[in-house]
Amino acid sequence: MNETIFFFFYNLAHKSELLDQIVVFFAVYFPYFVILLAGLFLFLYRKNWRKFFLVFFSGFLAYFISKILKILIHTDRPFIELSGIPALFSETGYSFPSSHSAFFMALAISLFFLNKKVGYIFIFFALLIGLSRIIAGVHFPIDILGGLILGTLVAYFIKNVYPHT
Numbered sequence: 138m139n140e141t142i143f144f145f146f147y148n149l150a151h152k153s154e155l156l157d158q159i160v161v162f163f164a165v166y167f168p169y170f171v172i173l174l175a176g177l178f179l180f181l182y183r184k185n186w187r188k189f190f191l192v193f194f195s196g197f198l199a200y201f202i203s204k205i206l207k208i209l210i211h212t213d214r215p216f217i218e219l220s221g222i223p224a225l226f227s228e229t230g231y232s233f234p235s236s237h238s239a240f241f242m243a244l245a246i247s248l249f250f251l252n253k254k255v256g257y258i259f260i261f262f263a264l265l266i267g268l269s270r271i272i273a274g275v276h277f278p279i280d281i282l283g284g285l286i287l288g289t290l291v292a293y294f295i296k297n298v299y300p301h302t
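Right under this line is the structure:
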């Protein structure tokens, strides 16, 4: 099932140079924009350095945990595991769980705790980044799902450890 879903999305790539460039943009460059946008929102809307720190701390904690899990689990990326699957861009390291998905979902859920409307927008961004990484051929769907779940759990953990922020 993981491979079936992977191929459904991956087969959208390599058909149009423009679409491939859009996918690469959302998989590689858009995440930087999302980080800046989250920082700008926290700075302008909340002006609370503690909340700013905790939102980004939850993202970085999820990212760090995902890197540890990758070392322990050793899941190859689709372009390594499956023959004849060229990725749209080069990516190194193991695949599960997706560090991008873990970071951006932790960021999104943390923002959701502060402002539901903004949180929904950032959840959409996290899903968009994850989907683009499947289409690009650098992650399986289970990698993205694992990252999304990890990010959500980390955000809830941070919220419970620091409930009054």
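Residue numbering for the sequence shown follows my numbering, starting at 138 and increasing by one per position. Note that CB positions come from ideal geometry on N, CA and C, so glycine has one too.
Is Ile222 helix, strand or coil by DSSP?
coil
In this structure, does DSSP put Met138 in helix, strand or coil?
coil
For Phe226 versus Gly267, is the C-beta spacing smaller than 9 Å?
no
Report the option in Ser236, Ala164, Ala263 whose CA atom is closest to the CA atom of Phe249.
Ala263
For the alpha helix (DSSP H) containing Ser195, list its first residue and its last residue.
186 to 210
Backbone CA spacing between Arg270 and Ala164 [nearest angstrom]:
5 Å
Could you have a look at Phe233 and say whether DSSP puts it in helix, strand or coil?
coil
Quick test of the definition: if touching needs 3 or more C-beta pairs under 8 Å, does the segment 178 to 189 touch the segment 203 to 213?
no
Endpoints, the alpha helix (DSSP H) within which Ala292 is located
278 to 298
Going by DSSP in three states, Val160 sits in which element: helix, strand or coil?
helix
Where do the ends of the alpha helix (DSSP H) carrying Arg270 lie?
253 to 272
Residues near Tyr299 in its chain [Cβ-Cβ closer than 7 Å; skip 5 each side]:
Leu191
Cα-Cα separation between Ala150 and Asp157, rounded to whole angstroms
6 Å
Can you grab the Cα-Cα spacing for the pair Tyr169 / His237, in whole Å?
11 Å
Would you call Gly214 buried or exposed, if buried means 16 or more other Cβ atoms sit within 10 Å of its Cβ?
Just to set this straight, residue 214 is Arg in the shown sequence, not Gly. Arg214 comes out buried.
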